[in-house]
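Structure, as structure tokens:
What follows is the structure, given as structure tokens:
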């Protein structure tokens, strides 16, 4: 074989250079070490507050002193990251189970589809009651409920993404793993998780952005007449609102903005840049994510040193995990036994579901009668109308703006991060300001509610339209210029078809977001005045506050029905059309 | 595995003791069709012995990669058995290692880590892994690249990583699935040469090699035995050639040329000749049906291009020379040849491809005229004819694609059905016999073709 390709200098100089680098500690290493210590200290200090004893009967006081805000913000942040960690763990386990077991897949995936459509906020009260029973007399109860609420807003999306990457694993990677006799452990850590890493991180980032909304909604909540408030930025704002303290609200909004931008800068941005290394492409990408923080970390010696420490540990773990077996599929399966197993599984799963459903219907019939569904079904129409108007108006306003931004690289560079932050900023934070505005101008909440829903939902449409417009190839636009296709014809022939797939993605997210937001935007309070709109969201919120479970279940079930219906009848066909006809 | 991977790579010549390492007995592989199993491999009997290189040669869709994967224990045969050292396989074959067409390197691991994968799977300690991987990397000419990531490497270097990764586990049989077809011609030639040198030198740490390829020359250059698989009606072994030529083989040697020609003839031999021997599938030209006359995957542009090239060579050209001249491989050329033959535009006689009178007219005509000629020819194709006549007897003159899909589903897998209809759509559109609307998936009769077709 030819050995001429070997550059001889590399072999001798490499170890020497490494040794030199390891002995020389730079100021970068010191800064990184200090930063890690500070983070650990803050987690310990802040975390200590989560398990204090707590009397649910007593109304918790949350101060509105701006000096307390940093502590509150840290508590909120801790909740967000706890929920993220939980979501990642759930994602790995659930998606792996669904992808690996043919039988479980049949149950887990449809269940995920439904869970994704359930308005999370409607179940908050159930979660609060449950967790308080679990940790009586400790603030861990509401704390867990809040983390759980954020978790439920993040997990489904991430799980779907990871499941999809597991089942669409490139065939040759699957064959590689089996042909070389990988252990199951190796297959997961070396093949499956890296393949899904990019999707997992990006989904995590998007879900995290959506999580702020639920953080704000879940820190201060009234259930069955009790008011629970956890120290945090959401409850700080809630108290400021209740006291009509506009200055306090202003401080909270500012802190929130700093947090959203800050987390993006020191956490998500470096993570998305780092995860690029898992891209399964065979050439060097031209357009890579960059992060100042990651560059800084990479310049320090810590990653290298940690890698050295971790490698033996990974080796030991890998050896221990050999017990989990080899990645191999038996070539022949007894069809009779397989069918028998399927039948037993179907019987057990079907039996459990049927039994649960009967029990639920019995419960509803005993408490309220099955007519309980009629009212939410009617009210749902009002909320549906609001959702449709919100999506339609947001489309009419933001699609032209998004196209303009997307076609101009200079504008896009400025606008895209900005819109990303706006989409991540919890809109319910601004509700009090809007309510104050409604009270001053006498605008009806039936109309104003739509503005509140739009406050959060519209950005998804803008954000995706920008991305879609940026993806329209420049040569297509040049060809249209060349042919003199302008004005309406240009929109009809190039722009609308070009952005359609991205727009549909944005539309789905926006419509889902609007439904969820309806629960908090159809009833709003400011300084002791409560405005209530007619709609399903207000119905669910009312039932929550009264602790009226039959009505709550009916309301949430009907809302899920509307969401699923809208997805199936409108968005999914559009999505399919986008994939088959308008994929660029 | 009998051999220990920790041992230094053997320097002794491999034992050509003729022990049967891999075997297929009566092996059949089918995929589910609409109402019955559709075979892609039928009654394969094959043995791979220690000391030999076996090439599985065939056009795309003949099941050669499927056969390789059955022998590697990656997919189960529908009936019959795949054996390793006389034992039927129940899972992934412990005595084989695979080299992939697409390399299948993990982009997030360095070259060294990629090469170590197979050893890590066996639970070898890190130090032993590093030594063994270092030797394999040396052997395959990759030193200096240990810390590189795959995306930093050229295609040839990447496939070297693929080879090193497989060889380091010292498998009994190295399985290669079109290992050079993703590389450019020069790189492939170079790598192939180095690999054969290594095999001849006796330093090759495996006892046998199975290579899947669609490149005739590659098969004859490398293999001790070339096994030709036929694509239709389903994959079966059509012929086996022993290649007794000494290595390194000289392309210009007369025996080499003669072997290439012989293999070419078997591969271009009309399918209907073979199909005629099969029970239940009478395929005389008079009774051609969509079931026994599948459309080759050939576009109209390719057909008229080939016809024009033949005209430049006075309507006749040796097939091997033609492929060589065009820089094409069998996979690219044979569907076109099959299609020209099917359409009655050309004929294969001996080693030559010759245009018929109609083919000659087709190649010379202007666009409108050539469309007319093509329409006449296409109407003799059962599937095209079926679509036209079905449309003519339908009052609305339109039919859903699903109708034809269902008709074909009895004879083809759904993937094949899609391909058949794609080709039929392409031909019919060009011939202006019918149009196809991809939105509602509907065929519509063209006004010009409303008259009944001439009897064919």
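Residue numbers (the numbering used here), protein chains in the order written: chain A, 593 to 1176; chain B, 786 to 1241. From the three backbone atoms N, C-alpha and C, an ideal C-beta is built for every residue, glycine too.
Interface annotation, residue 903 of chain B: in contact with chain A, CB-CB separation under 8 Å. Residue burial is scored here from C-beta neighbours: residue 955 of chain A has fewer than 16 other C-beta atoms within 10 angstroms and is therefore classed as exposed. Closer than 9 Å at the C-beta level to chain B, one finds these residues of the stretch 909-938 of chain A: 910, 911, 914, 918, 919, 920, 921, 922, 923, 924, 925. For residue 876 of chain B, a Cβ of chain A is located within less than 8 Å of the residue's own Cβ. Nearest C-alpha to residue 1020 of chain A among A/713, A/625, A/632, A/662: A/713. Beta-bridge partners of residue 1219 of chain B (DSSP): B/1230.
Around residue 893 of chain B, the beta-carbon contacts reaching into chain A at under 7 Å are 786, 869, 870.
Put simply, the CB of residue 908 of chain B is near chain A, with a gap under 8 Å to one of its CB atoms.
Not flagged as an interface residue toward chain A: residue 961 of chain B, since no C-beta distance is shorter than 8 Å. Around the C-beta of residue 779 of chain A, 16 or more other C-beta atoms lie within 10 Å, and the residue is accordingly described as buried. Rounded to the nearest whole angstrom, the C-alpha separation of residue 961 of chain A and residue 952 of chain A is 12 Å. Per DSSP, residue 1087 of chain A lies in no beta strand (DSSP E) segment and is marked neither H nor E. No Cβ of chain A is located within less than 8 Å of the beta carbon of residue 865 of chain B.
Shown in chain order are the members of the stretch 755-774 of chain A whose Cβ falls below 7 Å from a Cβ of chain B: 764, 765, 767, 768, 770, 771, 772, 773, 774. The straight-line gap separating the alpha-carbon atoms of residue 864 of chain B and residue 855 of chain B is approximately 11 Å. Bounds of the beta strand (DSSP E) holding residue 1101 of chain B are 1101-1103. Taking a beta-carbon distance threshold of 8 Å, residue 782 of chain A counts as an interface residue toward chain B. Of all alpha-carbon atoms in A/659, A/682, A/708, A/806, the one lying nearest the alpha-carbon of residue 1048 of chain A is that of A/806. Scanning chain B for C-beta atoms nearer than 7 Å to the C-beta of residue 907 of chain A yields 911, reported in chain order. Using a Cβ-Cβ cut-off of 9 Å, residue 858 of chain B is close to 770, 771, 920, 923 of chain A, given in chain order. Inter-residue distance for residue 822 of chain A and residue 847 of chain A is about 17 Å (C-alpha atoms, whole angstroms). Taking a beta-carbon distance threshold of 8 Å, residue 981 of chain B does not count as an interface residue toward chain A. The closest CA to that of residue 856 of chain A, considering only A/909, A/667, A/1010, is found on A/1010. Buried is the label assigned to residue 1144 of chain A, since at least 16 other Cβ atoms lie within 10 Å of its Cβ. Judged by beta-carbon spacing, residue 1118 of chain A lies within the 8 Å limit of residue 1028 of chain A, meaning their Cβ atoms are closer than that value. Contact check for residue 844 of chain B and residue 1119 of chain B: beta-carbon distance about 5 Å, within the 8 Å limit, so the pair qualifies. In the structure shown, residue 944 of chain A adopts helical secondary structure according to DSSP, grouped into three states. Taking the Cα positions, residue 893 of chain B is about 21 Å away from residue 892 of chain A. Secondary structure of residue 1177 of chain B (DSSP, three-state): helix. Per DSSP, residue 823 of chain B is one residue of the beta strand (DSSP E) stretching across 822-834. Under the three-state reduction of DSSP, residue 671 of chain A is assigned to helix. Interface criterion not met: the Cβ of residue 1151 of chain A is under 8 Å from no Cβ in chain B. In the DSSP assignment, residue 738 of chain A falls within the alpha helix (DSSP H) that extends over 732-759. Here residue 1037 of chain A is buried. Its C-beta has 16 or more other C-beta atoms within 10 Å. Residue pairing for residue 1154 of chain A: DSSP places it in no beta bridge. Within chain A, not a single residue places a beta-carbon under 8 Å from that of residue 993 of chain B; the smallest gap is close to 16 Å.
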